[in-house]
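Scroll down for the structure; my scribbles are underneath it.
Chains as they are written, first to last, in our numbering: chain A, 5 to 321; chain B, 5 to 321; chain C, 5 to 321; chain D, 5 to 321; chain E, 5 to 321; chain F, 5 to 321.
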């Protein structure tokens, strides 16, 4: 990893939040190509001498798909022309009409893509995987429809995979659950992990964001929270720390948000007032974090922080 | 089973539906005891020289619970004074606040109770079991919340348990899915089994009813369908036949209902216009069926038919 | 018409409403045949030595259709086995999925059927006609979708056909409009005829009922009004008198209903609390009226009155 | 009071609820006169050698008004032909369009009528009074609009009048508050008295019923609770005991209902599944209670109990 | 037309959409006069040596009206001080309270204004006309209320006028219908022209925009589509080509939008995220198009394209 | 007051509205301190040689509180670190979870704070007071829950305090009522003051704003009005003049708004399209007004006008 450039800017002196914005945000703007209208909630992991990622993007029909993309520096991106096409393990072609909010996770030699697509016309968490970024396999609906915001832990814990899970659209939807599996195909032992707060930035709903990051304090969870106002929803970024060995235990959860929409590219656009985190790169040596978040469902933005700053802020707020 | 009396009445000549009503319906009326206000959607299986069942009943606070009950003849019932108390496999007490719509299924030497209770304030399919009807064990949430109308097949098929599954309360809820499991604890490979119909008695929602019955034509499914009118919902009973070896294949599905609310005990009461089937007894020799259905969320009713009549009706309507 | 029997019962002494019920109501009950579940909102006119009518009925799939039926006495009915099939004037088959609430009107030698069916999945007023009750022709959508409760005047007035018109399902729907046409195919000059009342039995919506009856006082309108309660809608029957030469002038409109749901066959059933008038037979010599109304979307009922009683009641209440 | 007949029937042996029904219910049926369609939620107090009461009744336009009525025996009633007309204290005529759910309370030599009418098109608690049942005075809106179910305590406590208060129609409406006043004209010091229950017969809303009855255990509160089902609301009767000196203290509150809709005149009608208590007569010597409740917004019913039975039931359930 | 200046800018090299924006947009900004707060969805046609138009504008009470305006160059506008006042053909004054979204069409020597106003408190398509821009006549409601987005074809086809028609506010509203008339006064033969798309920029509703333009390929339709997001609606511009002789035949329909809100004057304002086309000027010789669209219900914007570019784009996307 | 600086800028020549914006708006921006995310709807009065105010502000959990703040010049502010903590008069601690939209009024030697907080989970008008800005007392709920936008007149009129009152959240909420009290603790004699308008900037709701200002023409009311659009609500500022001696008489009410959201800090932000006035400073000698209004629930803005300009504008528009 030594040669791979890590995207970074030092914290500005006037920063008030524990995550600070890249000075050249957005890193990918509206109309990035003549075929794509917008690219936003996206997820990167280190790959070869740079990064590889899965990008939520909308062609000019505004039907959301996910695209493979590559980056040398984590700041500029080269996306495929065509969206990813999945096949089921038994060879059937995937016939979903849309795909969105991918999270890319490497476990062993396999790259998993946890995302949302349509299942009998309802949003549903799907799991795909690839080993070569050429063939993309999709599991046969391991989750029921009307589910969303799946985020997979990057390793088995006590012999089980763990997934953050949320109901998609029911009036009662809005809390984060934990699901468990031995094989990624059959899931059970659902439990409630974190509820919405009665007031404040996460009172309407909360949901998974970046792949959890293992730290000395436990699993660092960078997630999103939603507040409803008389003029719509506001998506902010929050943080929590889960127990290392039993992530169903929430050790700390910050009452304060880590970042919320403030800049014009965050408050206006396709869906204004949205900061939606989908992945974070970690510089193991320094603990630096490069957090990719979609802004206004219109563009990709980058925020910086460090593991220590976030752990400290979450514990004290 | 020779000595066990099977509840039965022959078909009246003026019957127009393939299921005909017991002439002394309801078999269990409002205020069956001084402690219970109503007993309705309930499920019986043969047991010893009579029957044993799990009954949905509401004490005088009208908070729904499930009770154990016994019957010599399938026509009169003796219910326990106290509702069933479950414990989790790890010994924790179940703290759900309500339970409803139980289905009782014997697989091997174990009696499984698939029912609905509250999980983080949302309706959720739960699985309990007992071997002695004294201790009742509950699995640790094998399904996510906001699920309902779970109906378990009475045997493994190709090494997997199968469960009819439905989303509970989302605006998009209303179709029947199939879920699969190797161990009843982890479920996956969800698939859409049957959709609501665009018009008619099942246009609002459909959901599982009796435990599927294996016949020469395949699995006989007695389920419920719901129609919405300007003055509320109407719950009717419908039928379908699933492939014996691959129950995800719907071989026949009757466009006509099998029974719908008509009598005053079905059209008025706690929740009027409800016929809700939860179990059917089968007389193996004759193919006779005694179908228990809750009426108006107020009482237990009994309908009769035979396997041949239902198979024939479903195939021709 | 001399030989044709007119259905009739004298007014009972204890009658409190200006329309009194037939003592043997309903004249057609649930499950009238083994193929039909219910017959209700229906419309009759004199024909040969008896009556002919178009009946709203639902087969056992509960998808509403309209059927031709005949009656010798106006009290018993003989319905066709198959629903009416329309063809467009250009020969195309009608592909609507449901039809309901027909009104049958004879103008010249032609019998017109004004009813509601689906047009691009929305309820829509349709106009059909027949001369022989064998071939049924349907005009090419003379009204836009989302319309309902069309009632055609039985003659041209000042060279124009007149139709009572109502928006079907919008939140703003609920008032009766008048539409005009020279040829039944193109309609215009829409005007508001009667609004809902702020309170009382017609506060939620009102809509056309029987074909208007020409009297010495003007057009006698027997229509329906709907009240909403916390437990659903109540459909009652009301009356108004329109100017003979300019029916857009409402001369009288009764604040009191003429009939409302009271009997068990009116308050409970498929859709409880519904009295819905669709046609009235007039005995020209005596002014006697036989008013057919659907009850609870389940059965056909008959009420009696006279033109004088209704005119008097409407003018004084 | 010795000569005044008290309506009464002994408890039947098969009674399961602490309130038992009068065997000749309803005491006042639909269409009690040719001018009134229904009389229901009504309130009586002893007067001269019989009883006097304020009755909610709907003329044949179904616009609810309140009427004065008298009874010799508490079982048969003689209602005025015209509804009550109020004048404001400054002489202005009351111009409200509807009035409903009256409670009649005698304090000192004055009879107060606490009821609901329209204030700027919104439901609002109003207070009227009379000394002679000829002139009816109305206070100038002592409460804001969107309030309902006002029930006045029959005496001042610690120098203050007390009123049960409820928000009328907001999504958040449904709990009972207590308001205080020194003069009935200005109200303040609002406090929450009882909340809805999370489940059961009072989970949707609760609201005041009869005027509180002072007993040795405190104030006996006979109130109503509402449960929502997929087919509408169910109104039941509940009970609680408030501290004698500080009625903001709830000493006991029964989890079980005291009575709920079961008979056909309670489950079907204008608004089915409604038992709504508005007043109770007390036989001081014996503690007997004659509880008047409206059934299905269609008729007046009578239930019996005794103070001891209710106190005992409320304390033990 | 030779001397009339045509508003134009060549396509910028970095343009990605087939319609490109005028570099000095908006051409008419907020608060254009001290009496008007905003001017937006407006429609121009050539007139004398310049252009004349009907402008949707809101005075400082924000009640929408339509105003007459003139322009020499299509880039600057001179609006009347007072809104247009219509009279009915029979001389009655128009008493509608608001008017909006006008389309101005010249047929023969008459200028027609198809727009929306209130009819019995509901939005309704109205048709007005003028020959001299001094007297404005309004037809007597040729369409029922709850209709909107009427767009008239600029000539009769097969002896009939054609109008794009849409239901206004029903939950089911959102598709474009075609209505036909021989005289503009009576309309019939409604048919479905184009449905919303299941996903993408037109999934919530679609509706008429500019007057259809006759090209060698057929009628070029520049219309609007609406997408719903969790933070409101997005109005984009789309294109289709209808058959020349039978415009009920959709030959091509672009899956990609032609323009969507991106600039700050389009994404924020009175109603953010709105690009709403109301008219297009055609330069017959060159095929150049100047498309006027309202942005954010706040200002008038101008986009350019050519007939060839649009035809080509619609056929290929 | 002579030495106290009055915030002021002369009217720009291009101003079109009767209130003009401070050229350096907002006077308090997002993230004013590292602890506060936003400060907006706030209220100032003269105090000592400067001003004192109560500020609505949200810490980084976005749970709204009110803070005490001071200003020398009315342009820059120094806020306390901790929010205001109230105690009830009987010494109990206030346990409300949020507080918002304060109005500060000096009557005699006491400073009253009329604001909104939560009462049994519902918004409720509360009244607090302080004499020293160190101890803050709160009255025991003088108003029922589900109330909002309380604005107290700055003096008794005819022996009574007057309060503008509004229902908070009911579907029927949106008009301004007047309530009266002799002691601020008990309120009554509610009356309707001003209704929403059928169309325009105040058609959805209206509510109190600044403390009424006594002028030669009567009470100058600077209030807010809300319009709903398909993309959310728009909050504008309006004006009215109430009779000096009987403020229930509305002498003038401007159909035109006084100011509405136009600048980017008003149209976008936490809740876009909001101008919400909470207080106005008056320069007695000159009649100058400095009007503080929250913009977009994100920042404090300042507008200027004079009493004469506003009176004149309200009377003429």
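In this text, a Cβ means the ideal position worked out from N, Cα and C, and glycines have one as well.
I'd like to check one pair, residue 196/A with residue 146/A: are the Cβ atoms closer than 8 Å?
no
Taking 8 Å as the CB-CB cut-off, is residue 84/C touching chain B?
no
Residue 283/B to residue 185/D, Cα distance in whole Å?
Within the model, the alpha-carbon separation for residue 283/B versus residue 185/D is close to 59 Å.
Note down, in chain order, each residue of its chain lying with its Cβ closer than 8 Å to the Cβ of residue 139/E, except the 5 sequence neighbours on either side.
91
Unbroken alpha helix (DSSP H) run spanning residue 269/D, endpoints
268 to 271
Go through its chain and collect everything with a Cβ distance to residue 229/F's Cβ below 6 Å, but skip five positions before and after it.
205, 206, 210, 240 and 242
Is DSSP giving residue 319/A helix, strand or coil here?
helix
Residue 191/A CB to nearest chain B CB: under 8 Å?
yes
To the nearest whole angstrom, what separates the beta carbons of residue 296/A and residue 38/A, a pair I think is in contact under 8 Å?
No, residue 296/A and residue 38/A are not in contact; Cβ-Cβ is about 24 Å, not under 8 Å.
Where does residue 188/A fall in DSSP's three states?
coil
Counting only beta-carbon separations shorter than 8 Å, does residue 238/A have a partner in chain F?
yes
Have a look at residue 268/A and residue 115/F and give me their C-alpha separation to the nearest angstrom.
Each residue's alpha carbon lies about 39 Å from the other.
Outcome for residue 274/C when other beta-carbon atoms lying within 10 angstroms are tallied against a minimum of 16
buried
How many angstroms separate the CA atom of residue 113/A from the CA atom of residue 160/A?
Their backbone Cα atoms lie some 14 Å apart in a straight line.
Taking 8 Å as the cut-off, does the stretch 307 to 318 of chain F touch the stretch 253 to 267 of chain F (at least 3 CB pairs, one atom from each stretch)?
yes
Unbroken beta strand (DSSP E) runs of length 3 or more, entirely within the stretch 77 to 152 of chain F: which are they?
Listed in chain order, they are 90 to 92, 103 to 111, 114 to 123, 126 to 134 and 140 to 142.
With a threshold of 8 Å between beta carbons, is residue 213/D in contact with chain B?
Residue contact check for residue 213/D against chain B: no CB pair falls below 8 Å.
Can you say whether residue 253/C is buried or exposed, counting buried as having 16 or more other CB atoms within 10 angstroms of its CB?
exposed
Residues, ordered as in the chain, of the stretch 54 to 69 of chain A that lie near chain E by beta-carbon distance below 9 Å
62, 63, 64, 65, 66, 67 and 68
Between the Cα of residue 246/C and the Cα atoms of 83/C, 224/C and 231/C, which residue gives the shortest distance?
The candidate whose alpha carbon is nearest that of residue 246/C is 224/C.
Report yes or no: is there a C-beta of chain C within less than 8 Å of the C-beta of residue 277/D?
yes
In chain order, what residues of the same chain lie with their CB nearer than 6 Å to the CB of residue 104/C, ignoring the 5 residues before and after it?
Excluding sequence neighbours, residue 104/C sits near 60, 68 and 120.
Beta-ladder partner(s) of residue 26/B, from DSSP
None; residue 26/B has no bridge partner.
DSSP state of residue 314/E, grouped into three classes?
helix
Who are the near neighbours of residue 16/C in its chain, counting only those whose CB is closer than 7 Å to its CB and skipping five residues on each side?
Correct list, in chain order: 24.
Checking contacts by CB at 8 Å: is residue 7/C closer than that to chain B?
No, no contact with chain B.
Using a threshold of 8 Å, state whether the C-beta atoms of residue 75/B and residue 95/B are closer than that.
no
Quick check: what's the CA-CA separation for residue 64/D versus residue 266/C?
Pairing residue 64/D with residue 266/C, the inter-Cα distance amounts to about 13 Å.
Return the residue from the list 55/B, 54/B and 99/B that minimises the CA-CA distance to residue 144/B.
99/B
Does the beta carbon of residue 119/E sit closer than 8 Å to a beta carbon anywhere in chain F?
no
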